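*Asks:* The structure follows.
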Amino acid sequence: MVSAALNCLGSLMGFLRRRSPETAQHMVCQPWMRFLLFSLLSCDQRLRPAALQLLTQLVCFSGGVSHWRTEVESVCEEIEKQGATNLTDDGTHTLRLMLTQCCALSPPDDLRMRMEAIQESLRHLPPSESSSRHMLRVGRVSVCLSDFTISTQDL
Numbered sequence: 003m004v005s006a007a008l009n010c011l012g013s014l015m016g017f018l019r020r021r022s023p024e025t026a027q028h029m030v031c032q033p034w035m036r037f038l039l040f041s042l043l044s045c046d047q048r049l050r051p052a053a054l055q056l057l058t059q060l061v062c063f064s065g066g067v068s069h070w071r072t073e074v075e076s077v078c079e080e081i082e083k084q085g086a087t088n089l090t091d092d093g094t095h096t097l098r099l100m101l102t103q104c105c106a107l108s109p110p111d112d113l114r115m116r117m118e119a120i121q122e123s124l125r126h127l128p129p130s131e132s133s134s135r136h137m138l139r140v141g142r143v144s145v146c147l148s149d150f151t152i153s154t155q156d157l
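Each residue of the sequence shown is one higher than the last, beginning at 3 in the numbering used here.
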């Protein structure tokens with residue numbers, strides 16, 4: 003349910019960005035977004051895919067890591083402390099996406115180095131059988147097949 007809501011939120015923010023980038027950026031930087039993210043991150047002290055997905059959207063739609071640096075550092079700290087082996091397959095995939103997006107938006111050097119170190123540690127995790135069925139890996143690129151839908155109505 004949370005994932006579906008986040009997909010709707012992402013679609014809304016994408017629409018707003020196309021119509022008015024300033025409005026989308028203003029929406030992303032509202033205090034209630036930080037409260038929502040805080041609620042998801044502090045829920046039972048585990049990194050949930052939904053929290054990572056929301057953080058990824060907020061970073062991307064705000065145009066950079068600077069507004070969400072504290073939260074990104076908090077995620078990095080949690081992964082450094084507990085390791086990525088505690089994450090579900092979806093959590094690992096979502097963490098990879100978040101780190102890739104954050105690194106692409108030119109974060110400060112110290113944070114970029116932390117995120118790259120975490121990405122490197124994720125490369126050493128063995129792929130699980132369940133994720134292998136849902137993931138297509140080509141070199142360093144991973145694509146989650148459930149992120150795509152195919153409609154036969156248009157064929």
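Where a beta carbon is used, it is the ideal one built from N, C-alpha and C, also for glycine. Only a predicted model underlies this, so the values are computations on that prediction, with no experimental measurement involved.
Would you kindly check if the distance between the Cβ of T96 and the Cβ of Q59 is under 7 Å?
*Replies:* Within the sequence shown, numbered from 1, the residue matching residue 59 stands at position 57. Within the sequence shown, numbered from 1, the residue matching residue 96 stands at position 94. No; because the gap between Cβ atoms is not below 7 Å, this pair is not in contact.
*Asks:* What span of residues does the alpha helix (DSSP H) with N9 cover, start to end?
*Replies:* Taking the sequence shown and counting its residues from 1, the one referred to as residue 9 is at position 7. It spans 4-21 - the alpha helix (DSSP H) in which N9 sits, taken as one unbroken run.
*Asks:* Pull up the CB-CB distance for F63 and A106, whole angstroms please, since I reckon it's below 8 Å.
*Replies:* Position 61 of the sequence shown, counting from 1, holds the residue named residue 63. Position 104 of the sequence shown, counting from 1, holds the residue named residue 106. About 14 Å separates the two Cβ atoms, so there is no contact after all.
*Asks:* Can you check the region 71-100 for any alpha helix (DSSP H) of at least 4 residues that lies completely inside it and give the ranges in chain order?
*Replies:* For the region 71-100, whole alpha helix (DSSP H) runs of length 4 or above, ordered along the chain, are 71-84.
*Asks:* Should the region 70-86 be called in touch with the region 106-126, which here means at least 3 C-beta pairs below 8 Å?
*Replies:* Yes, the region 70-86 is in contact with the region 106-126.
*Asks:* Anyone know if the C-beta pair for D92 and P51 falls short of 7 Å?
*Replies:* Locating residue 92 in the sequence shown gives position 90, counting from the first residue. Locating residue 51 in the sequence shown gives position 49, counting from the first residue. Taking 7 Å as the Cβ cut-off, D92 and P51 qualify as a contacting pair.
*Asks:* From what residue to what residue does the alpha helix (DSSP H) around L49 run?
*Replies:* One-based indexing of the sequence shown puts residue 49 at position 47. Run containing L49: none; DSSP gives neither H nor E here.
*Asks:* Going by C-alpha to C-alpha distance, which of L89, R114, C31, H28 sits closest to R48?
*Replies:* Along the sequence shown, one-based indexing puts residue 48 at 46. It is L89 whose Cα lies nearest to the Cα of R48.
*Asks:* Whose C-beta lies closer than 6 Å to the C-beta of L43 among residues of the same chain, with five residues either side of it excluded?
*Replies:* As a first step, residue 43 is located in the sequence shown; it is residue number 41 there, counting from the start. If we look at L43 and ignore the five residues flanking it on each side, its Cβ neighbours are A53.
*Asks:* With burial defined as no fewer than 16 other Cβ atoms inside 10 Å of the residue's Cβ, what is the status of S22: buried or exposed?
*Replies:* Locating residue 22 in the sequence shown gives position 20, where the first residue counts as 1. With fewer than 16 other Cβ atoms within 10 Å, it is exposed.
*Asks:* Tell me whether the beta-carbon of P33 lies closer than 7 Å to the beta-carbon of V67.
*Replies:* Taking the first residue of the sequence shown as 1, we reach residue 33 at position 31. Taking the first residue of the sequence shown as 1, we reach residue 67 at position 65. Against a cut-off of 7 Å, the Cβ pair of V67 and P33 comes out as no contact.
*Asks:* On a Cα-Cα basis, can you pick out the residue from L14, T94, S41 that is closest to V30?
*Replies:* Here residue 30 refers to the residue found at position 28 when the sequence shown is read from its first residue. Ranking L14, T94, S41 by Cα distance to V30 puts L14 first.
*Asks:* Can you name, in chain order, every residue of its own chain whose Cβ lies under 7 Å from the Cβ of V4, other than the five neighbours on each side?
*Replies:* Here residue 4 refers to the residue found at position 2 of the sequence shown. These residues qualify, in order along the chain: A52.
*Asks:* With a Cβ-Cβ cutoff of 7 Å, do L57 and E73 count as a contact?
*Replies:* In the sequence shown, the residue the question calls residue 57 occupies position 55. In the sequence shown, the residue the question calls residue 73 occupies position 71. For L57 and E73, yes; Cβs fall inside 7 Å.
*Asks:* Taking the alpha-carbon positions, what's the H126 to T102 distance?
*Replies:* For the purposes of this step, residue 126 is taken as residue 124 along the sequence shown, with counting starting at 1. For the purposes of this step, residue 102 is taken as residue 100 along the sequence shown, with counting starting at 1. So the alpha carbons of these two residues sit roughly 16 Å apart.
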